[in-house]
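J.: Taken in sequence, the protein lines are chains A and B. Here the first sequence stands for residues 20 to 267, where the numbers follow the numbering used here. Here the second sequence stands for residues 20 to 267, where the numbers follow the numbering used here.
Protein chains: 2
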Amino acid sequence: MLTDRSLSFSHDCEDCPIRHRAVCARCEADELERLEQIKYYRKFQAGQTVIWSGDRMDFVGSVVSGIATLTQTMEDGRTQMVGLLLPSDFVGRPGRSAAAYDVTATTDLVMCCFRKTPFEDMMNQTPHIAQRLLEMTLDELDAAREWMLVLGRKTAREKIASLLSIIARRDAAANAQSTTLGVVFDLPLTREAMADYLGLTLETVSRQISALRKDGVIALDGKRHVTVPDMSRLLEEAGDDADGGVFA
Amino acid sequence: MLTDRSLSFSHDCEDCPIRHRAVCARCEADELERLEQIKYYRKFQAGQTVIWSGDRMDFVGSVVSGIATLTQTMEDGRTQMVGLLLPSDFVGRPGRSAAAYDVTATTDLVMCCFRKTPFEDMMNQTPHIAQRLLEMTLDELDAAREWMLVLGRKTAREKIASLLSIIARRDAAANAQSTTLGVVFDLPLTREAMADYLGLTLETVSRQISALRKDGVIALDGKRHVTVPDMSRLLEEAGDDADGGVFA
DNA sequence: GCCCAACCTTGACCCAGATCAATCGCGCCG
DNA sequence: CGGCGCGATTGATCTGGGTCAAGGTTGGGC
Numbered sequence: 020m021l022t023d024r025s026l027s028f029s030h031d032c033e034d035c036p037i038r039h040r041a042v043c044a045r046c047e048a049d050e051l052e053r054l055e056q057i058k059y060y061r062k063f064q065a066g067q068t069v070i071w072s073g074d075r076m077d078f079v080g081s082v083v084s085g086i087a088t089l090t091q092t093m094e095d096g097r098t099q100m101v102g103l104l105l106p107s108d109f110v111g112r113p114g115r116s117a118a119a120y121d122v123t124a125t126t127d128l129v130m131c132c133f134r135k136t137p138f139e140d141m142m143n144q145t146p147h148i149a150q151r152l153l154e155m156t157l158d159e160l161d162a163a164r165e166w167m168l169v170l171g172r173k174t175a176r177e178k179i180a181s182l183l184s185i186i187a188r189r190d191a192a193a194n195a196q197s198t199t200l201g202v203v204f205d206l207p208l209t210r211e212a213m214a215d216y217l218g219l220t221l222e223t224v225s226r227q228i229s230a231l232r233k234d235g236v237i238a239l240d241g242k243r244h245v246t247v248p249d250m251s252r253l254l255e256e257a258g259d260d261a262d263g264g265v266f267a
Numbered sequence: 020m021l022t023d024r025s026l027s028f029s030h031d032c033e034d035c036p037i038r039h040r041a042v043c044a045r046c047e048a049d050e051l052e053r054l055e056q057i058k059y060y061r062k063f064q065a066g067q068t069v070i071w072s073g074d075r076m077d078f079v080g081s082v083v084s085g086i087a088t089l090t091q092t093m094e095d096g097r098t099q100m101v102g103l104l105l106p107s108d109f110v111g112r113p114g115r116s117a118a119a120y121d122v123t124a125t126t127d128l129v130m131c132c133f134r135k136t137p138f139e140d141m142m143n144q145t146p147h148i149a150q151r152l153l154e155m156t157l158d159e160l161d162a163a164r165e166w167m168l169v170l171g172r173k174t175a176r177e178k179i180a181s182l183l184s185i186i187a188r189r190d191a192a193a194n195a196q197s198t199t200l201g202v203v204f205d206l207p208l209t210r211e212a213m214a215d216y217l218g219l220t221l222e223t224v225s226r227q228i229s230a231l232r233k234d235g236v237i238a239l240d241g242k243r244h245v246t247v248p249d250m251s252r253l254l255e256e257a258g259d260d261a262d263g264g265v266f267a
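#1: According to DSSP, simplified to helix, strand and coil, what is V42/A?
#2: Indicate the three-state DSSP secondary structure (helix, strand or coil) for T98/B in the structure shown.
#3: Buried or exposed, going by whether 16 or more other CB atoms sit within 10 Å of the CB of L217/B?
#4: Within 10 Å of its beta-carbon, does Q276/A have 16 or more other beta-carbons around it, so buried, or fewer, so exposed?
#5: DSSP puts Q91/B in a beta bridge; with which residues?
#6: For the segment 134 to 154 of chain A, enumerate the residues whose C-beta is nearer than 9 Å to any C-beta of chain B, in chain order.
#7: Can you check which of these residues, A212/A, E177/A, R53/A, M213/A, is closest to R134/A by C-alpha distance?
#8: Count the C-beta pairs between the segment 81 to 98 of chain B and the segment 161 to 176 of chain A that are closer than 8 Å, then say yes if the count reaches three, no if not.
#9: Using CA coordinates, which residue listed in T223/B, V202/B, D127/B, S107/B is at the minimum distance from R210/B?
#10: According to DSSP, simplified to helix, strand and coil, what is S229/A?
#11: Are M167/B and M167/A touching if we call contact CB-CB under 8 Å?
#12: Checking contacts by CB at 8 Å: is W71/B closer than that to chain A?
#13: Could you compute how far the alpha carbon of V247/B sits from the alpha carbon of L239/B?
#14: Run the CB neighbour count on T88/B, radius 10 Å, all protein chains shown included, and call it buried at 16 or more, exposed below.
#15: Report yes or no: is there a C-beta of chain B within less than 8 Å of the C-beta of L128/A?
#16: Cα separation between A257/A and I179/A?
#17: Please work out which residues of its chain come closer than 6 Å, Cβ to Cβ, to Q67/A, disregarding the five sequence neighbours upstream and downstream, and give them in chain order.
#18: Quick one: is V101/B near chain A, going by C-beta distance under 8 Å?
#19: Would a check of beta-carbon distances place P36/B closer than 8 Å to chain A?
#20: Relative to chain B, which residues along the segment 158 to 187 of chain A have a C-beta separation below 7 Å, given in chain order?
#21: For V79/B and F109/B, I'd like the C-alpha separation in whole angstroms.
#22: If we count the other Cβ atoms within 10 Å of its Cβ and call it buried at 16 or more, is G111/A buried or exposed?
#23: Taking only beta carbons into account, state which residues of the segment 222 to 252 of chain A come closer than 7 Å to chain B, listed in chain order.
#24: For A65/B versus S107/B, is the C-beta spacing smaller than 8 Å?
#25: So who's on the other strand from Y59/B, going by DSSP bridges?
#26: Less than 8 Å between the C-beta atoms of V129/B and L183/B, yes or no?
#27: Please list the segments of the alpha helix (DSSP H) lying wholly inside the segment 141 to 226 of chain A, counting only runs of 4 or more residues, in order along the chain.
#28: Could you give the residue range of the alpha helix (DSSP H) that holds L253/B?
#29: Under the assumption that C32/A contacts E55/A (Cβ atoms under 8 Å), give the Cβ distance between them as a whole number of angstroms.
#30: With respect to the beta strand (DSSP E) encompassing V122/A, which residues constitute its N-terminal and C-terminal limits?
#31: What separation, rounded to the nearest whole angstrom, lies between the Cα atoms of C43/A and H147/A?
#32: Just tell me which of D215/A, A193/A, F138/A, L253/A has its CA closest to the CA of D121/A.
#33: Taking the alpha carbon of I86/B as the point to measure from, which residue in D205/B, G114/B, E165/B has its own alpha carbon closest?
#34: What do you get for K62/B, buried or exposed, if any count of 16 or more other CB atoms within 10 angstroms of its CB means buried?
#35: Check each candidate in R151/A, M142/A, R243/A, S72/A and name the one with the smallest Cα separation from G114/B.
#36: Can you give the Cα-Cα distance for G102/A and D158/B, rounded to whole angstroms?
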């Protein structure tokens, strides 16, 4: 629960890295000023738990940098990841006082938090925030449904290829690192986290990654650094349309 | 595409069966009047397709009665259900012109449709609709995440028990048919649809239902009529907390 | 009442992925 | 420098659920 206030970046919304993608994307200058008054930053270390399912939650917020996961756990310990939170993604639900899922930082993480009650008041008064939140929630619902197809119907190999595609696509969108030599990115998840994401065991994840490497679909440098020489090949392996465009 | 206007129920929003649960739940009388002007009813027969994924969609709407499903299909024919639409559930996404999923009526179905552009205009002008839609979308996202745990981590037996619990809970909420003799309801889905819901084959669904019957967890009268003598037992089989309350 | 088609059940067999187990490799700390 | 611990890999074996196949049930149409 460290609330470090000596962060290396500005606290000014205007030059926030997620200014135009987060829940505040549509806010006007005066609305941002109000948000500034109810916001605060929190930092978490890789591996740290942000909040436990069932805990009282008196804030909502956005991921500023780093990656967090939403997971559900059964009594006997089986776990399933149900959300992967990237910068600009929103955490928490207005109108709910307890967390519904475990939230864990998988890398070092910075969150921009808003005290819940004032945030709810603002949502009721200014339509821009509610509109943006609706849009983001609909996007997440689409992502969840895509994911349901992966979990319910794809083979282990297709699941891995699907996950790699998603990460590659996101990285390409953010960093435009799609050189002529293929797409290059780092896996932000351990094998175990990937297994929890995909409804597999970590052994199966490891085996399928090895198989994709052996078959030349991907190349590995270390455990985490991945090169995809032919993106359409990867999409084909994922069972998605390999038609292309800039990654469909 | 039959658009029967001789329906057996009133077209007046005030005595609509889903008046207080649908996207219009929070609307005032004057707002309802505006909605009346852009709405129309459509009926579909059991088995009929409401809309195909990718089709142009110039309406959004609510399920008034009956049940519909949202499904995704891969090129090779594997399908996964990604949504089960019950009365009051919303179909379509404001700001999107093509359907993202196949929508199919599994029973006879009545929908209350709104022409998309006027509906979007109304959403921007009256916060009540957008607020309610956000709430409903957040609920659907929670349901989707619950479902992801089912798809990713539960055994076939647990999957069936989970689905039966969900249907039983919904029926109990709607009809309060939880007599002292246990909970009684009809399955609104074929074995095949249940399989698509749960990421199983229809043979496995059939076998697991037989097994639950043999073990006394449920009783069957015909293929579809189900009695659950002990709800907490069923919840236990589903791998959920069997703690109870009126079905947790 | 009979027939047909859609739906469901059950059996036999097989395989993808889980489970159990051993080993590797690398970064960190003493 | 050596040892330790965590993550990852790889192998051997097992099994839940898929696949293929053969009936059984039921309800609607004629």
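Glycine included, C-beta positions come from ideal geometry on N, C-alpha and C.
T.: So, from the data block:
#1: One-based indexing of the first sequence puts residue 42/A at position 23. DSSP places V42/A in coil when its eight states are reduced to three.
#2: What you label residue 98/B is simply residue 79 of the second sequence in a count that begins at 1. T98/B falls in the strand class under three-state DSSP.
#3: Counted from its first residue, the second sequence places residue 217/B at position 198. Buried is the call here.
#4: Since the first residue shown for chain A is 20 and the last is 267, residue 276/A is missing from the structure and cannot be characterised.
#5: Within the second sequence, the letter at position 72 stands for residue 91/B. DSSP, once it has assigned bridges, lists Q99/B as partnering Q91/B.
#6: M142, N143, P146, A149, Q150, L152, L153, E154
#7: The residue labelled residue 134/A in the question sits at position 115 within the first sequence. The option with the nearest alpha carbon to R134/A is R53/A.
#8: yes
#9: As a working mapping, residue 210/B is identified with position 191 in the second sequence. That would be T223/B, whose Cα lies nearest to the Cα of R210/B.
#10: Within the first sequence, numbered from 1, the residue matching residue 229/A stands at position 210. The DSSP-derived three-state label of S229/A is helix.
#11: Looking up residue 167/B in the second sequence gives position 148. Looking up residue 167/A in the first sequence gives position 148. Taking 8 Å as the cut-off, the Cβ atoms of M167/B and M167/A count as close.
#12: Residue numbering aside, residue 71/B sits at position 52 when the second sequence is read from its first letter. False, the Cβ-Cβ gap to chain A never drops below 8 Å.
#13: The residue you call residue 247/B lines up with position 228 of the second sequence. The residue you call residue 239/B lines up with position 220 of the second sequence. Distance between the alpha carbons of V247/B and L239/B is about 9 Å.
#14: For the purposes of this step, residue 88/B is taken as the residue at position 69 of the second sequence. Buried.
#15: Against the first sequence, residue 128/A aligns to sequence position 109. It does not; no Cβ of chain B falls within 8 Å.
#16: For the purposes of this step, residue 257/A is identified with residue 238 of the first sequence, where counting begins at 1. For the purposes of this step, residue 179/A is identified with residue 160 of the first sequence, where counting begins at 1. C-alpha separation (whole angstroms): 8 Å.
#17: As a first step, residue 67/A is located in the first sequence; it is residue number 48 there, counting from the start. Here the set comprises A124.
#18: On the second sequence, residue 101/B is found 82 positions in, with the first residue counted as 1. Chain A has a Cβ within less than 8 Å of the Cβ of V101/B.
#19: Counting from 1 along the second sequence, the entry for residue 36/B is found at position 17. No - not a single Cβ of chain A is within 8 Å of the one on P36/B.
#20: E159, L160, D161, A163, R164, W166, M167, L168, L170, G171, R172
#21: Here residue 79/B refers to the residue found at position 60 of the second sequence. Here residue 109/B refers to the residue found at position 90 of the second sequence. For V79/B and F109/B, the distance between alpha carbons rounds to 8 Å.
#22: Within the first sequence, numbered from 1, the residue matching residue 111/A stands at position 92. Buried.
#23: Residues: none.
#24: Counting from one through the second sequence, the residue named residue 65/B turns up at place 46. Counting from one through the second sequence, the residue named residue 107/B turns up at place 88. Result no, Cβ atoms of A65/B and S107/B do not sit closer than 8 Å.
#25: Translated into the one-based positions of the second sequence, residue 59/B becomes position 40. Y59/B pairs with C132/B.
#26: Here residue 129/B corresponds to residue number 110 of the second sequence, with the count starting at 1. Here residue 183/B corresponds to residue number 164 of the second sequence, with the count starting at 1. In this structure, L183/B does not lie closer than 8 Å to V129/B by Cβ.
#27: 146 to 172, 175 to 194, 210 to 217
#28: Along the second sequence, one-based indexing puts residue 253/B at 234. From DSSP, the alpha helix (DSSP H) with L253/B extends over 250 to 256.
#29: To locate residue 32/A, count along the first sequence from 1; it is residue 13. To locate residue 55/A, count along the first sequence from 1; it is residue 36. The beta-carbon distance between C32/A and E55/A, rounded to whole angstroms, is 6 Å. This is short enough to meet the 8 Å contact definition.
#30: Taking the first sequence and counting its residues from 1, the one referred to as residue 122/A is at position 103. Run containing V122/A: 121 to 124, per the beta strand (DSSP E) assignment.
#31: One-based indexing of the first sequence puts residue 43/A at position 24. One-based indexing of the first sequence puts residue 147/A at position 128. So the two alpha carbons sit approximately 8 Å from each other.
#32: Here residue 121/A refers to the residue found at position 102 of the first sequence. For the residues D215/A, A193/A, F138/A, L253/A, the minimum Cα distance to D121/A belongs to D215/A.
#33: Taking the second sequence and counting its residues from 1, the one referred to as residue 86/B is at position 67. Closest by alpha carbon: D205/B.
#34: The residue given as residue 62/B occupies position 43 in the second sequence. By the 10 Å Cβ count, K62/B comes out buried.
#35: Along the second sequence, read from residue 1 onward, the residue named residue 114/B stands at position 95. The shortest Cα separation from G114/B among R151/A, M142/A, R243/A, S72/A belongs to R151/A.
#36: Residue numbering aside, residue 102/A sits at position 83 when the first sequence is read from its first letter. Residue numbering aside, residue 158/B sits at position 139 when the second sequence is read from its first letter. Each residue's Cα considered, the two are about 15 Å apart.
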